[in-house]
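See structure below.
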Amino acid sequence: MRYKSNSIDGIDMTDDDRTTDGSIADEKHFKFNTPSKNKLRPVRLSICNEILNTTNSGEMLKQKMESNKRIDFILIRKLLDNSTDPGVVEENHKLQEMFESQLINDKIQIQRFKSAKYEFIKLHAPFIVLAKQAQNIKLQMPLKNCKHINNKDNIIVRIEKKFFKTDEEGLLHFLYKHIYHDALVIHDFSYLDPYEREIRQTMRRGPDALNVKKPTKKEKQYDQRLMLDKLWAKPWFKYQPLWRIRNYFGEKIALYFAWAGLLSFSLIIPSIFGLIVFIYGLVMSINQNNITNTSVTNSTSSATNTNSTAFQDIKLALDSSLDTVKESFDNDLTPYYAVIICLWGTVFIELWKRKNALLSYQWDVHSFEENELNRPEFVGLYTKEDPITNTQVWYMPLYRKIMRICASTSILLMMIIVVFICTAAVILYRVIITIDYCKNLSSLNCLILTNILSAVLNAIAIMILGKFNFESGVFGMGNKYQDNCGSKGNCMAMLSIQILVLMIAKPLPKFAKDIVLPLIVGLIKHKRLPFNTSVNITADDTSFIEREFQKPKLDDFTLSEYNEKIILYGFVMIFAASLPIGPFIVLIVIFIDIKVDAKRMLWMFQKPVSNIAQDIGMWQVILQFLNIIGVISNGFLIAYTSDWGYINLKTHTHKLAFVLIFEHVIFGIKFLIDVFIPDVPKHVRLALRKEKYRVSEIVRKFESKGLKRRYTHI
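Add 3 to the 1-based position in the sequence shown for the numbering used here, that's all there is to it.
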């Protein structure tokens with residue numbers, strides 16, 4: 004059932020009903036029990052309860068909301084100078100007037116102000132407009148009127164298909180054609196914002212120091228960014244406040260953080276097992292090397308001079324230590340650990356399906372299906388008359404499509420060739436160093452020049468080429484396999500070093516880009532942006548909007564973050580047998596990255612536009628694909644690369660038979676796990692059935708009342 008009225012229990016919710024935090028009014032979280040005995044759906048305790056217990060509630064509500072109209076969206080128009088073509092200026096001005104007049108006709112409230120270079124157009128959508136558009140797009144709401152009011156922060160994005168369509172009059176097309184310079188959603192005002200704190204400190208040093216008031220406890224409670232920083236960004240060992248994240252950033256970003264949090268939490272057990280396997284291999288390798296070193300020392304003591312220097316002793320100790328670490332990655336527990344990781348991947352996906360089902364039900368998005376809009380770049384270049392609607396529509400000529408396909412294919416092939424050239428160059432470098440130089444070098448220097456330095460070069464090549472084609476990380480794996488596996492024939496050790504260097508080196512540029520670069524850019528822009536020390540600090544302050552505009556954009560945040568995490572997940576799944584400490588490294592990287600993302604989203608970057616989502620989309624299919632590839636890859640690693648395989652498997656036929664048996668057994672167990680762990684929790688299934696039953700009952704009663712009225716009139 005959906006709300007079709009603009010009032011709640013007789014209280015008119017008109018233009019001034021939404022506060023600056025996007026909610027209906029004062030709100031708290033509470034839970035209720037479902038018939039399945041589980042506390043299921045946290046919901047907002049809305050203004051309804053306050054209204055029901057208050058006389059003259061309509062006046063109270065109006066007084067409370069009068070001065071707090073929310074800025075839902077901001078359009079930014081660049082003030083044109085005399086050098087701009089007058090014809091372009093006039094055409095852009097006409098299109099802007101048409102677009103803004105349509106917004107006004109749709110009851111969107113507009114307010115303008117100008118700075119030195121830009122004109123800012125503030126948009127506010129009254130509640131009555133949101134209610135009508137929510138009904139038009141069939142936005143589903145909970146059934147009970149009072150207790151389940153669930154307004155979403157920045158709800159204007161729910162109606163963007165009407166106001167901001169990607170056709171010839173849509174906002175995205177206007178931004179693409181530079182008719183508008185930019186558009187943004189501003190952060191909620193916060194006393195913890197670095198710029199605001201600097202202004203307050205400056206005011207305290209000035210003549211208006213007595214007028215600077217400290218925020219009260221109640222004001223801090225309604226400061227959403229401050230509360231998110233306190234409950235999410237600062238604590239290191241607490242669960243993420245997903246409801247607050249969802250209310251502030253939207254379901255799409257909240258689902259990403261829920262997925263990343265579950266991934267880091269589920270990596271704890273594989274990390275513990277991996278450390279145990281690595282420590283076991285290290286102990287066994289130390290014992291083996293001690294026996295070997297003792298025998299070598301006894302056999303050569305009579306033929307060597309006792310005048311060995313301390314440098315040679317240290318060099319020998321380092322060589323022995325490196326050999327010990329290299330051999331510790333491959334031990335008798337490696338195959339069993341690979342089995343654990345393969346099964347862990349399936350368990351993680353099943354746990355995520357259950358958590359996703361619970362969150363999508365709690366957030367009322369379980370039946371949401373998004374229809375992707377065409378990007379303005381791909382809509383078309385020319386217009387023609389539609390024979391049905393008799394309106395002008397954009398289209399792309401066939402020869403233009405062919406030209407673009409050929410250009411894209413040529414660039415893709417060129418990038419693939421460059422990837423293979425880089426891979427061949429790294430392999431050639433290792434061959435030359437191994438054959439021509441390692442004979443006269445110690446094992447330590449040889450290890451640094453061949454394995455470590457080549458792994459660093461490979462990581463650099465992957466990160467550079469990844470800017471153009473994210474698949475280069477897959478092609479970069481080709482240089483990890485060689486016929487020559489060193490003097491001891493330990494191929495697994497060389498692969499382990501490659502993976503270790505990649506897993507450590509790959510997140511470093513991202514952290515530098517996410518933390519260091521925004522700080523430098525923000526500092527430069529902030530120094531260039533003058534501000535008045537006597538200005539009032541309010542949520543509608545123009546200087547606050549200008550400072551928000553100076554922040555860098557997040558672009559497609561979830562795309563880049565999912566991409567990084569999926570690559571790390573692929574390292575863990577595909578190369579589990581080669582690097583037991585891989586899950587521990589990924590756990591640390593994701594754990595730190597969540598906190599870094601929280602800080603930069605709250606304080607360093609512009610607020611992203613909120614979007615509805617019911618799941619993580621195609622990324623779940625990619626995870627399932629990596630699970631399948633991981634089983635096959637680990638089977639081949641154990642049979643053809645690991646020392647464990649060489650002990651028991653003499654011929655290639657035996658090795659291939661082992662791979663087939665291994666992957667069939669693992670796939671069978673994974674299938675049983677998938678069957679016995681339901682994708683949707685039982686209490687969620689019962690709640691969904693209950694909602695469907697209640698909807699059918701309401702419809703049946705409504706139809707029966709209509710029939711009674713009809714017969715009474717007859």
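Beta carbons are placed, not taken as given, at the ideal position from N, Cα and C, and that holds for glycine.
Because the structure is a prediction, the values reported are computed rather than measured.
Item                                                                                                                                                                : Value
Sort P238, Y251 and Y242 by Cα distance to R228 and report the nearest one.                                                                                         : Y251
What I want to know is whether the C-beta of L582 ends up closer than 6 Å to one or more non-hydrogen atoms of the ligand COA.                                      : This structure simply doesn't include the ligand COA, nor any ligand for that matter.
Starting from Y121 and walking both ways along the beta strand (DSSP E), at which residues does that stretch end?                                                   : Y121 to H127
Using a threshold of 7 Å, state whether the C-beta atoms of F560 and M506 are closer than that.                                                                     : no
Taking the C-alpha atoms as reference points, what is the distance between P521 and D185?                                                                           : 19 Å
Under the rule that 16 or more other beta-carbon atoms within 10 Å means buried, what is K568, buried or exposed?                                                   : buried
Have a look at C409 and I420 and give me their C-alpha separation to the nearest angstrom.                                                                          : 16 Å
Who are R80's beta bridge partners in DSSP?                                                                                                                         : E122
If we ignore side chains and look at the alpha-carbon of each, how far apart do Y2 and L605 end up?                                                                 : The chain is shown from 4 up to 717; residue 2 falls before or after that span and cannot be answered.
List the residues that DSSP assigns as beta-bridge partners of L187.                                                                                                : I77
Which residues in the same chain as N614 place their Cβ atom closer than 6 Å to its Cβ, once the five residues preceding and following it in sequence are excluded? : G253 and K255
Could you give the distance in angstroms between the alpha-carbon of A360 and the alpha-carbon of P390?                                                             : 44 Å
What is the DSSP secondary structure of Q617, counted as helix, strand or coil?                                                                                     : coil
Express the C-alpha separation of Y696 and S707 in angstroms, rounding to a whole number.                                                                           : 16 Å
Measuring alpha carbon to alpha carbon, tell me which of F240, F102, R115 and L82 ends up nearest I591.                                                             : F240
Quick one: Cα of I352 to Cα of G633, how far?                                                                                                                       : 14 Å
Nearest-angstrom Cα distance between I271 and F587?                                                                                                                 : 8 Å
Around the C-beta of D618, are 16 or more other C-beta atoms found within 10 angstroms, so that it is buried, or is it exposed?                                     : buried
Going by beta-carbon coordinates alone, are A257 and A601 separated by less than 7 Å?                                                                               : no
Going by Cα to Cα distance, which pick from T349, G277 and R115 is closest to I625?                                                                                 : T349
Taking the beta strand (DSSP E) that F116 falls in, what are its first and last residues?                                                                           : Q112 to K117
Is V702 helix, strand or coil by DSSP?                                                                                                                              : helix
Measure the alpha-carbon distance for S411 versus Y242 and round it to whole angstroms.                                                                             : 44 Å
Could you tell me the boundaries of the alpha helix (DSSP H) in which I676 lies?                                                                                    : H655 to F679
Any idea if G284 is buried or exposed, counting beta-carbon neighbours within 10 angstroms, 16 or more meaning buried?                                              : buried
Using beta-carbon positions only, say whether K356 and L265 come within less than 7 Å of one another.                                                               : no
Could you tell me which residues DSSP pairs with K610 in its beta bridges?                                                                                          : V188
For the alpha helix (DSSP H) containing S104, name the first residue and the last one.                                                                              : P89 to N108
Since Y565 contacts Y259 with CB under 8 Å, what's their CB separation in whole angstroms?                                                                          : 7 Å
Going by other Cβ atoms of all chains shown within 10 Å of its Cβ, with 16 needed for buried, is L82 buried or exposed?                                             : exposed
Is the separation between the beta-carbon of A579 and that of I405 shorter than 7 Å?                                                                                : no
Over what stretch of residues does the alpha helix (DSSP H) that includes F371 continue unbroken?                                                                   : From DSSP, F371 is part of no alpha helix (DSSP H); its letter is neither H nor E.
Which stretch, first to last residue, makes up the alpha helix (DSSP H) that contains V683?                                                                         : No alpha helix (DSSP H) contains V683, which DSSP labels as neither H nor E.
Could you pull out every residue in the same chain whose Cβ sits closer than 8 Å to the Cβ of T394, ignoring the five residues on either side in sequence?          : E388
Alpha carbons only, please: which of D333, R692, L401 and V612 is nearest the one belonging to N637?                                                                : D333
Measure from the alpha carbon of D289 to the alpha carbon of each residue in P273, L659 and S331, then state which is nearest.                                      : According to the sequence shown, residue 289 is Ile rather than Asp. The option with the nearest alpha carbon to I289 is S331.
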